[in-house]
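S.K.: Encoded as structure tokens, here's the structure I'll be asking about.
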Amino acid sequence: MHKKSLSSLAGKLIPAIGSMMFIMGLLFAYAFNKQHPEVGLFELFLYGGSFVVLISFFLCLILYFIVTKPLSYLVDAMNRLSKGDMEYRVDIKTKDEIGILSHSFNSMVDELQQYKEKMENWTRSLEEEVQKKTSEIYKAQEQLINTEKLASLGRMAAGVAHEINSPLTGIVTFAHLMLKRVPPGNAEDIEDLNVIISQAERCSTIIKGLLGFSRRTASEKTRVNLNTLVENTLNLVKNQSKFHNIAFDIQLVPALPEVVIDPNQVQQVFLNLLINAADAMEERGKITISSGMAEEEGIRFARLAFADTGPGISRENLGKIFEPFFTTKPAGKGTGLGLAVSYGIIEKHGGQIQVESEEGKGTTFFIKLPLA
Ligand SMILES: Nc1ncnc2c1ncn2[C@@H]1O[C@H](COP(=O)(O)OP(=O)(O)OP(=O)(O)O)[C@@H](O)[C@H]1O
Ligand SMILES: [Mg+2]
Numbered sequence: 001m002h003k004k005s006l007s008s009l010a011g012k013l014i015p016a017i018g019s020m021m022f023i024m025g026l027l028f029a030y031a032f033n034k035q036h037p038e039v040g041l042f043e044l045f046l047y048g049g050s051f052v053v054l055i056s057f058f059l060c061l062i063l064y065f066i067v068t069k070p071l072s073y074l075v076d077a078m079n080r081l082s083k084g085d086m087e088y089r090v091d092i093k094t095k096d097e098i099g100i101l102s103h104s105f106n107s108m109v110d111e112l113q114q115y116k117e118k119m120e121n122w123t124r125s126l127e128e129e130v131q132k133k134t135s136e137i138y139k140a141q142e143q144l145i146n147t148e149k150l151a152s153l154g155r156m157a158a159g160v161a162h163e164i165n166s167p168l169t170g171i172v173t174f175a176h177l178m179l180k181r182v183p184p185g186n187a188e189d190i191e192d193l194n195v196i197i198s199q200a201e202r203c204s205t206i207i208k209g210l211l212g213f214s215r216r217t218a219s220e221k222t223r224v225n226l227n228t229l230v231e232n233t234l235n236l237v238k239n240q241s242k243f244h245n246i247a248f249d250i251q252l253v254p255a256l257p258e259v260v261i262d263p264n265q266v267q268q269v270f271l272n273l274l275i276n277a278a279d280a281m282e283e284r285g286k287i288t289i290s291s292g293m294a295e296e297e298g299i300r301f302a303r304l305a306f307a308d309t310g311p312g313i314s315r316e317n318l319g320k321i322f323e324p325f326f327t328t329k330p331a332g333k334g335t336g337l338g339l340a341v342s343y344g345i346i347e348k349h350g351g352q353i354q355v356e357s358e359e360g361k362g363t364t365f366f367i368k369l370p371l372a
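Numbering (UniProt numbering), first residue to last: 1 to 372.
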């Protein structure tokens, strides 16, 4: 379109200039003939015409190099720009209007390019932000569902434990009484009664666990430094054969403020996590324990992380591990109460226990407890 209109402009200019030159040539020939009648009209027209043609040709050449060609560069650049090519610049550095036009064009493309880059960056960061927020919402939603589920399980566990506890105590008490009455020679009855007592006591232990999960156990709270509690727990487990082939990497921040907790209960949580890690790693690998601080909604927390190099937990199981009786261990090896109890204890302390795990890489449990 531009090219066409430019060439048509040139096409109109050139004949106009040519006609003007022709008329001027005729006038010149006429005047010359008046002064020099001896020169023939034919020669006059011949020389005059040649002169006009030559001048017109040079004028066209000048017009082409000064106007048409640079304009065609500009048109070409505009066409490229309209197709999205922002790298191309017009290389005309003359000081005339075309040079100024080219410079303005280049500046405009520079600005457009900057604007485009800004828009692209902005879109990219917006997309990242949306993605981040979506996964945060997804995580929070999952956690909320999990918390609700565990809370209702806790209420049920508390009810069941409470109802079963009294008859169980009766069974154990009366079995002991019967045991005392059985004549010493009646080995078979003694053995049966001992089975009743041991099985009932096993049930009792499970119920204690359930009560722990439902946060119905009493606790004695004192001011405790979590670093010291971690070190004490490590001293307890390090001598056990389960931990002999496990390396410990301990990264505790020196001045960790104290928390008000029941140290026995929280130590039980640490023990559960360490035993689970050792079991998951088949007693070989590395456990990293780190402590630090965190702040959420104006509340300051002490934060602990227990990371292992075990096989990790599948996505499917990740939402179930804090449920009472969820276990992947073979029958008789695990009751599935360790994490349920740990969850109950940490919740009762106003804290949070969370897990992050990647299959094949390992698992990390995070514990947050509000500072004293
Ligand atoms: N560090 C870990 N790595 C991989 N899986 C884990 C880890 N900790 C817990 N789990 C999974 O969570 C399940 C539940 O753990 P939990 O401590 O509640 O019960 P358990 O260890 O199976 O039995 P219990 O603790 O009662 O002896 C485990 O069976 C295991 O599948
Ligand atoms: Mg366990």
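Cβ coordinates follow ideal geometry from the N, Cα and C atoms, glycine included.
(1) Excluding the five sequence neighbours on either side, which residues of its own chain have a C-beta within less than 7 Å of the C-beta of residue 239, listed in chain order?
(2) May I ask you to report which of helix, strand or coil DSSP gives residue 89?
(3) Just verifying my parser: in three-state terms, what is the DSSP assignment at residue 334?
(4) Let me check one thing: in DSSP terms, what residues is residue 301 bridge-paired to?
(5) Within the continuous beta strand (DSSP E) that includes residue 249, where are the two ends?
(6) Could you tell me whether the region 181-192 touches the region 127-140, using the rule of 3 or more Cβ pairs below 8 Å?
(7) Report the three-state DSSP secondary structure of residue 39 (helix, strand or coil).
(8) Need the endpoints of the beta strand (DSSP E) that residue 127 sits in, please.
(9) For a test of the three-state rule: what should DSSP assign to residue 218, helix, strand or coil?
(10) Could you tell me how far apart the beta carbons of residue 280 and residue 363 are, in whole angstroms, since I believe they sit closer than 8 Å?
(11) Quick one: Cα of residue 1 to Cα of residue 46, how far?
(12) Under 7 Å between the Cβ atoms of residue 270 and residue 309?
(13) Tell me which same chain residues have a C-beta within less than 7 Å of the C-beta of residue 225, skipping the five on either side of it?
(14) Less than 8 Å between the CB atoms is what I'm expecting for residue 21 and residue 67, so what's the real figure, rounded?
(15) Alpha carbon to alpha carbon, how far is residue 17 from residue 57?
M.R.: Well, looking at it:
(1) A distance below 7 Å between beta-carbons, with the five flanking residues on each side excluded, links residue 239 to no residue of its chain.
(2) The answer is coil: DSSP assigns residue 89 none of H, G, I, E or B.
(3) Coil at residue 334, not helix or strand.
(4) BP columns for residue 301 point to 294 and 370.
(5) For residue 249, the enclosing beta strand (DSSP E) begins and ends at 246-251.
(6) Output reads no: the region 127-140 does not touch the region 181-192.
(7) If DSSP states are grouped into helix, strand and coil, residue 39 belongs with coil.
(8) No beta strand (DSSP E) contains residue 127, which is instead part of the alpha helix (DSSP H) from 97-181.
(9) Here residue 218 carries a coil assignment [DSSP, helix/strand/coil].
(10) With a beta-carbon spacing of about 7 Å, residue 280 and residue 363 fall inside the 8 Å limit used to define contacts.
(11) At residue 1 the pLDDT is 41, less than 50, meaning the model places this residue with poor confidence and gives no usable figure here.
(12) Taking 7 Å as the Cβ cut-off, residue 270 and residue 309 do not qualify as a contacting pair.
(13) 256 and 258.
(14) Rounded, the Cβ-Cβ distance is 18 Å, inconsistent with contact.
(15) Each residue's Cα considered, the two are about 10 Å apart.
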